Every structure is written in C-alpha cells, then in structure tokens.
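Report on the structure given below.
There are 2 protein chains.
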Amino acid sequence: MTIPRTSTREHILKRATVLFQGRGYNGFSFKDISTPMGIRNAAIHYHFSTKSDLCSAVMQRYRDLLKSETADFMKHGGSARYQLEAYLAFIRHEILDAHCMCPLTNVAVAMDTLPDEIRAQAVTLSNELLAYLTRVMELGREQDEFQFNCAAEQKALSVKATLQGAGQLARLMGPQVVDQVIDQIRCDLGL
Amino acid sequence: MTIPRTSTREHILKRATVLFQGRGYNGFSFKDISTPMGIRNAAIHYHFSTKSDLCSAVMQRYRDLLKSETADFMKHGGSARYQLEAYLAFIRHEILDAHCMCPLTNVAVAMDTLPDEIRAQAVTLSNELLAYLTRVMELGREQDEFQFNCAAEQKALSVKATLQGAGQLARLMGPQVVDQVIDQIRCDLGL
DNA sequence: GTCTATAGAGGGATAGAC
DNA sequence: GTCTATCCCTCTATAGAC
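Going line by line, the protein sequences match chains U and H.
Numbering that gives the first Met the number 0 applies: residue 0 is where the first sequence begins, and numbers increase by one.
Numbering that gives the first Met the number 0 applies: residue 0 is where the second sequence begins, and numbers increase by one.
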C-alpha cells in the first residue's frame, strides 16, 4: 500500500506545469504548489533545488511530450493533413481544456528576467517545433494537400505564430477565438 | 527655465510602458523605474497611487496612441492596402525598435494574477483593435485588394493572432521572424 | 522525504519632513 | 513634488530535527 516515491515529484511537476504555462515564471510562487498539495515549500526544494531547476524540468517535460506526440502523429499513415490536424488538436486541447499557453509564450514575454537555463530550453523547443511543422508543410505540398507559395519554413513559422496568438486572444475574447483561428489556418492552406 | 511639472509623470509613464510591454506586469518593479531616473519609489507613488494605476495608465496610453495612429492611417486616401501596411509598420516598429510586445500579450499571459482594472483595459483594447482590423479587411475585399473567403472578423482575428505570435517568436528565433511572418500575412491575403 | 524555523532579499505602499 | 524612513508582506532558499 506504499505510494511510489516518485509520486510527489511528479505531482509537483504537474502543478508547476499548469502554473508556469498558465501564469508565467514570475506569476506563481512555491506556495501555489505546496499549499494545494498540503506540503511545505521545503519539500519542493528537496525535489528541485531551485525555481529555475523546476521550470527547466517543466520545459524538458514539454519537449518530451511534444517529441512523443509528434512521433505518434507520424505513425498514422504519413498524411500531412493528418499530422497537421493532430497538432492543431493538441494545441486546441492545451488552450481550451488545460488553460495553458505554449511555454514559448511565457518565456518570450519575460525573456529578460529569466535564468539562462530556461531561455536555452525555449530556444531548443522553438527549433524542434518549427522543424516539425516545416516537415509537415513540405510533405503537404509534395502530396498536393496544402497550397502555399513561399518557403515551407516561412509557412510553418506563420502557422506557429498564429497559434501562439490564438492562445492569448482566447483569454481576452473567449474560447471561440481558437476554432476561428484554426479554421483560418486551414483556409489559408487551401483546405 | 522651470521644467513643466508634467515632465516627471510623463517620464515615469514612458519607462513603465517599456517595462510593462517588455517584461509583463510581474516582470518589473518600481525600482526599475526609479533608479534609472534618479528618483525614489515614493516619487512614483505621488504620481500613480498604485502599480495597478500605473499600468492602467500605460494601457490607456496605448489605446490613445492606437486611436490617433489609426485615425491618421484613414486620412491617407482610404486604401485598405495603405491602412494594412501602416498598421504592420507600427507593429514592426514596436517589436524590432522598441522591443515591446503588444500589451494584450502581457495581460493574457498573467491574466489570473492581474487587477481587474488591467484586465478590463485589455478587453477594451482587444475589441478596438479587432474592430479596426475588421474594417480594413472589409474595405480591402470591397475594393478587390484583398482575397479571402471567410468572414472579415475571422480574417482580422487571424491576422492579429499571427502578429502577436510574431513578437514572441522574434525574441526566441531572431528579428528576421517578424518580416517573414508579415510577408506571409500579405501572401495569405493574395498580395 | 518531509517538517519547523529562519535567514535574507526584495516587493508595494505610507507618513511625515522639507 | 521629492525625500527619508519605515512597515509589512511575500518570496526563494537553507539548516537541522524527525
């Protein structure tokens, strides 16, 4: 009946994820994690020595999640349309159900106030994200599923930027924003 | 030889604008304003009773700026293309020269941690911004300058979201992102 | 592995002198 | 209109008991 000792660590990480992606690095404190969990701040420091360490682990976790999700997407036949829709569904879920922003948003906003470690994670994540979307765009054009007349990198960048913005505007203008923006992305790809 | 007494207030407001739009509400303190100005925190409190008041004034200022800028844009002949380009140039300048985000980004990210006053200003600003862009899109379609087959509101929303995202990705991936994304916006309007 | 206790810094805000 | 001085709070982080 013993609870596995990774449980607390995982629980901390999950709450930190929601808080970091929901409010940004400077928008939450250890208390926001410890109090709801019924533990003390010192317990968090046992698992993660600093706030920077904790948030770095959150970023790493997001990168791992993205890696496994996109690998999953690619298993399903290789249709670019499928891979695009799967990614859009992932983002849509993050915004509407988890009320989370993409971590890139939170890092970019507070860039100048953050530890180097966090910034480095964000740069790596942005490269990984863009590399994935660029491949999807290339594939979509090769397969004549998507229509656009510019570099695939540029189209991928534009799609990612649009989704980042959707997460923000949804908080201010309401959840319907997300589906409208996603619909427009499809539209601009000739879908 | 007396310096007008609005000078300090204006100076505070200008620095607060850069800090708020550059780091977010939770990413700067009164010290970041007072120390470079060579004054004390108490002097700031004389002009703005709380941090919420100060940032609310920053939002109001941005709304006023936007109002006068867009009114200016409309004086120049009424071409939708001109009005779009003028707005894009304004945003481009904010991101690349002033290193500032649109205040909507900063509010959206820390939404749950902000005073009601700031949130209300952000909602109003988002409505004003979208109303302007929607008018430009409608005009552009009427004049056969822009091509898109969805509601003008949706296209405006998508353009705004894309620009919000561009500001973030530029910080992580470099300034060239802004021009690539802006180019893609034109492209997706058939320009 | 979690606790209590506390250090030590920094935050916003106020009172009262000048 | 700006200052000094101070209050009170919150924050991250550490030491040492259990």
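All C-beta atoms in this analysis are idealised placements derived from N, C-alpha and C, irrespective of residue type, glycine included.
Small disclaimer: the values here were computed from a predicted structure and weren't measured.
Chain H within 9 Å of residue i, Cβ atoms only
{"i": "L156 (chain U)", "result": "yes"}
{"i": "F145 (chain U)", "result": "no"}
{"i": "M100 (chain U)", "result": "yes"}
{"i": "S125 (chain U)", "result": "yes"}
{"i": "A165 (chain U)", "result": "yes"}
{"i": "V180 (chain U)", "result": "yes"}
{"i": "M0 (chain U)", "result": "Confidence is the limiting factor: at M0 (chain U) the pLDDT is only 41, short of 50, which leaves the residue's position unreliable, though a coordinate-based value still follows. With 9 Å as the cut-off, M0 (chain U) does not count as an interface residue toward chain H."}
{"i": "F29 (chain U)", "result": "no"}
{"i": "G139 (chain U)", "result": "no"}
{"i": "T34 (chain U)", "result": "no"}
{"i": "L83 (chain U)", "result": "no"}
Residue burial classification, residue i (beta-carbon count within 10 angstroms, cutoff 16)
{"i": "S67 (chain U)", "result": "exposed"}
{"i": "T1 (chain U)", "result": "For T1 (chain U), the predicted model reports a pLDDT of 47, less than 50, meaning its position is unreliable; a value from the coordinates is still stated below. By the neighbour-count rule (16 or more Cβ atoms within 10 Å), T1 (chain U) is not buried but exposed."}
{"i": "K212 (chain U)", "result": "Because chain U spans 0 through 190 in this model, residue 212 (chain U) falls outside it and cannot be assessed."}
{"i": "A119 (chain U)", "result": "exposed"}
{"i": "E93 (chain H)", "result": "buried"}
{"i": "K74 (chain H)", "result": "exposed"}
{"i": "N148 (chain U)", "result": "exposed"}
{"i": "G230 (chain H)", "result": "Chain H is shown only over 0 to 190; residue 230 (chain H) falls outside these bounds and no answer can be derived."}
{"i": "N40 (chain H)", "result": "exposed"}
{"i": "Q146 (chain U)", "result": "exposed"}
{"i": "L64 (chain U)", "result": "exposed"}
{"i": "T104 (chain H)", "result": "buried"}
Amino acids of chain H, ordered along the chain, whose beta-carbon sits closer than 7 Å to that of residue i
{"i": "M110 (chain U)", "result": "R170"}
{"i": "V17 (chain U)", "result": "Neighbours of V17 (chain U) on chain H: none; closest Cβ ~11 Å, over 7 Å."}
Below-9 Å beta-carbon distance, residue i vs any chain U residue
{"i": "L132 (chain H)", "result": "no"}
{"i": "V248 (chain H)", "result": "As displayed, chain H neither begins before 0 nor continues past 190, which places residue 248 (chain H) out of reach and without an answer."}
{"i": "I184 (chain H)", "result": "yes"}
{"i": "L95 (chain H)", "result": "no"}
{"i": "V106 (chain H)", "result": "yes"}
{"i": "T161 (chain H)", "result": "yes"}
Identity of the residue in the options nearest residue i by Cα
{"i": "A70 (chain U)", "options": "U:T34, U:D115, U:F47 and U:E127", "result": "U:E127"}
{"i": "M36 (chain H)", "options": "H:S48, H:R14 and H:D178", "result": "H:R14"}
{"i": "C99 (chain U)", "options": "U:L162, U:L138, U:T123 and U:A151", "result": "U:L162"}
{"i": "A85 (chain H)", "options": "H:N25, H:D143, H:F72 and H:C54", "result": "H:F72"}
{"i": "Q142 (chain H)", "options": "H:L168, H:Q59, H:Y81 and H:A97", "result": "H:Y81"}
{"i": "A88 (chain U)", "options": "U:D178, U:L188, U:Q183 and U:C186", "result": "U:D178"}
{"i": "L124 (chain U)", "options": "U:P114, U:S55 and U:T112", "result": "U:S55"}
{"i": "L129 (chain U)", "options": "U:S28, U:A151, U:A79 and U:I90", "result": "U:A151"}
{"i": "R22 (chain H)", "options": "H:A79, H:T5, H:P102 and H:T49", "result": "H:P102"}
The ligand SAM heavy atom lying under 8 Å from the CB of residue i
{"i": "L12 (chain U)", "result": "What this structure holds is no ligand at all, so the ligand SAM is not there to describe."}
Beta-carbon separation (whole angstroms), residue i vs residue j, contact threshold 8 Å
{"i": "A155 (chain H)", "j": "L132 (chain H)", "result": "4 Å"}
{"i": "S157 (chain H)", "j": "Q183 (chain U)", "result": "4 Å"}
{"i": "V216 (chain U)", "j": "L168 (chain U)", "result": "Lying outside 0 to 190, the shown extent of chain U, residue 216 (chain U) is not represented and no answer is given."}
Neighbour list for residue i in chain H, Cβ cutoff strictly below 8 Å
{"i": "R14 (chain U)", "result": "Correct list: empty, because the minimum Cβ distance to chain H is about 14 Å."}
{"i": "G21 (chain U)", "result": "D111"}
Chain U residues whose Cβ lies nearer than 8 Å to that of residue i
{"i": "N40 (chain H)", "result": "Simply none; closest approach about 19 Å."}
Where residue i meets chain U, residues with beta-carbon distance less than 7 Å
{"i": "G192 (chain H)", "result": "Any answer about residue 192 (chain H) is impossible in this case: the structure gives chain H only from 0 up to 190."}
{"i": "V176 (chain H)", "result": "L156"}
Chain U residues whose Cβ lies nearer than 9 Å to that of residue i
{"i": "C149 (chain H)", "result": "Q179, D182, Q183 and C186"}
{"i": "Q153 (chain H)", "result": "Q179, V180, D182, Q183 and C186"}
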